[in-house]
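> Residue numbering for the sequence shown follows full-length UniProt numbering, beginning at 1 and increasing consecutively.
Sharing a structure, written as structure tokens. Questions coming.
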Amino acid sequence: MNKTMVERIDELLRERGISGSRMSSDLGMSRSFMTELRKGRARSVTAETASRIADYLGVSTDYLLGKDTEGRDNDPLERELASYLDEMRSRPEKRMLFSVTRNATKEQIEAIVHMIEQLQSGK
Numbered sequence: 001m002n003k004t005m006v007e008r009i010d011e012l013l014r015e016r017g018i019s020g021s022r023m024s025s026d027l028g029m030s031r032s033f034m035t036e037l038r039k040g041r042a043r044s045v046t047a048e049t050a051s052r053i054a055d056y057l058g059v060s061t062d063y064l065l066g067k068d069t070e071g072r073d074n075d076p077l078e079r080e081l082a083s084y085l086d087e088m089r090s091r092p093e094k095r096m097l098f099s100v101t102r103n104a105t106k107e108q109i110e111a112i113v114h115m116i117e118q119l120q121s122g123k
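This is the structure in structure tokens:
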């Protein structure tokens, strides 16, 4: 099933934990912009608006408009992030690790990574 532009935007916003009104505000658009799109009162966006939204969400304009069936940009960082998000969705222990380290300092996270590396190497 092909997703609409609004469905793609909503999916990307959910993945990133951003509200539609927040994105609209960050981009200097009306806070009701996404509501208007969702309800079908606004049926299209300008090329400039589509480009700004795509840049904000880290995807190509073609992906946003449904022309790129492969998915996200070919940016390796975007692919890596998507892979991490998929793992967090499918593996509860990864979500737990992330939630526990969310407010950890860099030094604490480095210590945890070191401990995991030691466990994996059998030391």
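Even for Gly, the Cβ is constructed at its ideal location relative to N, Cα and C.
With DSSP run on the structure shown, which of helix, strand or coil describes residue 26?
Residue state for residue 26 is assigned as helix, using DSSP reduced to three classes.
> Report yes if the C-beta of residue 49 is less than 7 Å from at least one heavy atom of the ligand MG; otherwise report no.
This structure does not include the ligand MG; it has no bound ligands of any sort.
> Quick check: the region 49–58 against the region 8–24, are at least 3 beta-carbon pairs closer than 8 Å?
With a cut-off of 8 Å, the region 49–58 and the region 8–24 count as touching, because enough Cβ pairs lie within range.
> Under three-state DSSP, which class holds residue 59?
coil
> Expressed to the nearest angstrom, what Euclidean distance is found between the alpha-carbon atoms of residue 95 and residue 102?
10 Å
> If you check the beta carbons only, do residue 65 and residue 5 fall under 8 Å apart?
yes
> With H, G and I counted as helix, E and B as strand and the rest as coil, what does DSSP make of residue 39?
coil
> Using C-beta distances below 6 Å, list every residue in its chain close to residue 7, excluding the 5 sequence neighbours before and after it, in chain order.
none
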